[in-house]
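Numbering (our numbering), first residue to last: 33 to 340.
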Amino acid sequence: MFDTTNFIINRNDFNINPLDTLEYLENVSEHYNEKKGFSASGKIGDYTVSIYENGIYLRGSLAKNLYLSNVQTLTREDAEKSIQKLSDGLHIDIKKGKVTRLDFSTVIQTSRPPADYYTYLVSKPYYERVLSTNNTLYFNTQKTQLVFYDKIKDCKAKKIPIPQNYIGSNLMRYELRYLREIARQLKVDTITGATLTDPQFYYKLVQKWGDEFKKIKKTNDNMMVKDNIKTPGDGINAYCAILILQNGIDNIDKYINDLKAKGTYSDPGYYWRVKNGLKKLITDYNMKNENVINELEIAIDNIVKNAM
Numbered sequence: 033m034f035d036t037t038n039f040i041i042n043r044n045d046f047n048i049n050p051l052d053t054l055e056y057l058e059n060v061s062e063h064y065n066e067k068k069g070f071s072a073s074g075k076i077g078d079y080t081v082s083i084y085e086n087g088i089y090l091r092g093s094l095a096k097n098l099y100l101s102n103v104q105t106l107t108r109e110d111a112e113k114s115i116q117k118l119s120d121g122l123h124i125d126i127k128k129g130k131v132t133r134l135d136f137s138t139v140i141q142t143s144r145p146p147a148d149y150y151t152y153l154v155s156k157p158y159y160e161r162v163l164s165t166n167n168t169l170y171f172n173t174q175k176t177q178l179v180f181y182d183k184i185k186d187c188k189a190k191k192i193p194i195p196q197n198y199i200g201s202n203l204m205r206y207e208l209r210y211l212r213e214i215a216r217q218l219k220v221d222t223i224t225g226a227t228l229t230d231p232q233f234y235y236k237l238v239q240k241w242g243d244e245f246k247k248i249k250k251t252n253d254n255m256m257v258k259d260n261i262k263t264p265g266d267g268i269n270a271y272c273a274i275l276i277l278q279n280g281i282d283n284i285d286k287y288i289n290d291l292k293a294k295g296t297y298s299d300p301g302y303y304w305r306v307k308n309g310l311k312k313l314i315t316d317y318n319m320k321n322e323n324v325i326n327e328l329e330i331a332i333d334n335i336v337k338n339a340m
């Protein structure tokens, strides 16, 4: 479940000359800055490698480094293979490198397009909810992000091949991103490449990934088929249909009885027309009495329970 994982390799910790690794990089470019002095950058696998006199910085995805794509889930064992591949390519033991960013994620097959679920993920304490595009939802702090996005659309936009077994599927990616102070957040002394392959640490991360989703405030509002909304009037009527279901269909009868008690209409047929008109809204916009968010809760629960 590892994706983006950045490392720093301090010169003093490794007793190396960072510049010696230049020969192992592709697409090398050299730079000079009066403050930072000489530096260089290049690529190794999926990783961008920045070399300074005091150390080496690696930014990339362990999943893409091994699979060339992050559609497939990177297991703990696969993470070890990816780190070893990176170590072999750079001729440095990346297991000793300090992790400076860590994304933990997987894809979840859903019955509907991922964007249909975002409305039901309402808020999270101390996090800012940001719907950056129709296909991507963030919950942000300065140190941590939770991200939900449409992986199929992401692949198409980036021209990444979609695995054969996922063609025609709806794929939601849920990522827990630790952007800084990772060790402090996870209450450990330090996190290195070797830490990532430790079974207990991996299990702890899976639990955190699941727990952070549980902390999101969710609504049990009922799903509507958004394809039926074409005009402003449709939008208004569909929203009314949501409110009807939130309050319970039985409340339509209560509402009609209240109108009758007040003698609202002189024509008795009007009460029947109002009642049937309100019920018709639900069928017109394909409203269904189903707990939409329950599908995600079950899927994430199963991933956490089966973590190895």
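Heads up, the beta-carbon is just placed ideally off N, CA and C, and yes, glycines get one too.
Just curious, the alpha helix (DSSP H) that Gly403 is in, first and last residue? Here the chain has residues from 33 to 340 only, and residue 403 is not among them.
**Prompt:** Who are the Cβ neighbours of Pro146 in its own chain at under 6 Å, not counting the five residues just before and after it?
**Reply:** Asp182, Met204
Query raised in the report: Which ranges does the alpha helix (DSSP H) cover as unbroken runs of at least 4 residues, wholly within the region 75-148, from first to last along the chain?
Result: 94-99, 108-122
Distance check for Lys246 and Val154, CA to CA, integer angstroms please. Distance from the CA of Val154 to the CA of Lys246, rounded to the nearest whole angstrom, comes to 12 Å.
Check your understanding: Span of the beta strand (DSSP E) holding Val220?
Key -> Taken as a continuous stretch (DSSP letters only), Val220 belongs to no beta strand (DSSP E), as it is neither H nor E.
| message | For the pair the region 277-295 and the region 97-117, tell me if three or more CB-CB distances fall below 8 Å. | response | no
Segment limits, beta strand (DSSP E) that includes Glu244 = Element bounds for Glu244: not the beta strand (DSSP E) but the alpha helix (DSSP H), 231-246.
message = Need the endpoints of the alpha helix (DSSP H) that Thr315 sits in, please.
response = 301-316 is the extent of the alpha helix (DSSP H) around Thr315.
Less than 8 Å between the CB atoms is what I'm expecting for Val81 and Leu57, so what's the real figure, rounded? The C-beta distance from Val81 to Leu57 rounds to 6 Å, short enough to meet the 8 Å contact threshold.
For this session: Would you kindly check if the distance between the Cβ of Ile276 and the Cβ of Ile268 is under 8 Å?
Result: no
- Message: What does the alpha-carbon distance come out to for the pair Val324 and Leu100?
- Response: 33 Å
**Prompt:** Thr168: which of Tyr159, Gln174, Leu178 sits nearest, CA to CA?
**Reply:** Leu178
* Asked: Between Lys337 and Gly92, what straight-line distance do the alpha-carbon atoms span, to the nearest angstrom?
  -> If you draw a straight line from the Cα of Lys337 to the Cα of Gly92, it comes to about 28 Å.
Review point. For Ser143, does the count of other Cβ atoms within 10 angstroms reach 16, so buried, or fall short, so exposed?
Key: Exposed: under 16 other Cβ atoms inside 10 Å.
For Phe70, count neighbouring C-beta atoms within 10 Å of its own C-beta (all shown protein chains included) and say buried if the count is 16 or more, exposed if not. exposed
- Task: Could you give the DSSP three-state label for Arg212: helix, strand or coil?
- Result: In the structure shown, Arg212 sits in coil (DSSP, three-state: anything other than H, G, I, E or B).
Practice item. Could you tell me whether the Cβ atoms of Tyr149 and Leu310 are closer together than 8 Å? Key: no
Item checked: First and last residue of the uninterrupted beta strand (DSSP E) at Ile41 -> 34-42
> Which value, in whole angstroms, describes the spacing of the CA atoms of Pro50 and Ile88?
Replying inline: 6 Å
Quick check on the burial criterion: 16 or more other C-beta atoms within 10 angstroms. Buried or exposed for Gly129? buried
query: So, Ile214 versus Val103, is the Cβ gap smaller than 8 Å?
result: no
Hey, would you say the C-beta of Ser61 is under 7 Å away from at least one heavy atom of the ligand MG? Here there are no bound small molecules, and the ligand MG is not part of this structure.
Where Val154 sits in the DSSP three-state scheme:
strand
* Asked: Helix, strand or coil for Asn326 per DSSP?
  -> Asn326: helix per DSSP, three-state reduction.
Check your understanding: Relative to the alpha-carbon of Thr229, which residue among Ile40, Lys113, Gln174 has its alpha-carbon at the smallest distance?
Key -> The candidate whose alpha carbon is nearest that of Thr229 is Lys113.
Within the same chain, show all residues whose beta-carbon is closer than 7 Å to that of Thr251, passing over the 5 residues directly before and after it, in chain order. Tyr152, Val154
message = According to DSSP, is Thr53 part of a helix, a strand, or is it coil?
response = helix
Discussion item. Using C-beta distances below 7 Å, list every residue in its chain close to Leu16, excluding the 5 sequence neighbours before and after it, in chain order.
Written reply: Outside the modelled stretch of the chain, which goes from 33 to 340, sits residue 16, for which no answer is possible.
Requested in this report: Just confirm the distance between the C-beta atoms of Ala95 and Phe171, as a whole number of angstroms; I'd bet it's less than 8 Å.
Outcome: Not confirmed; about 22 Å, so no contact.
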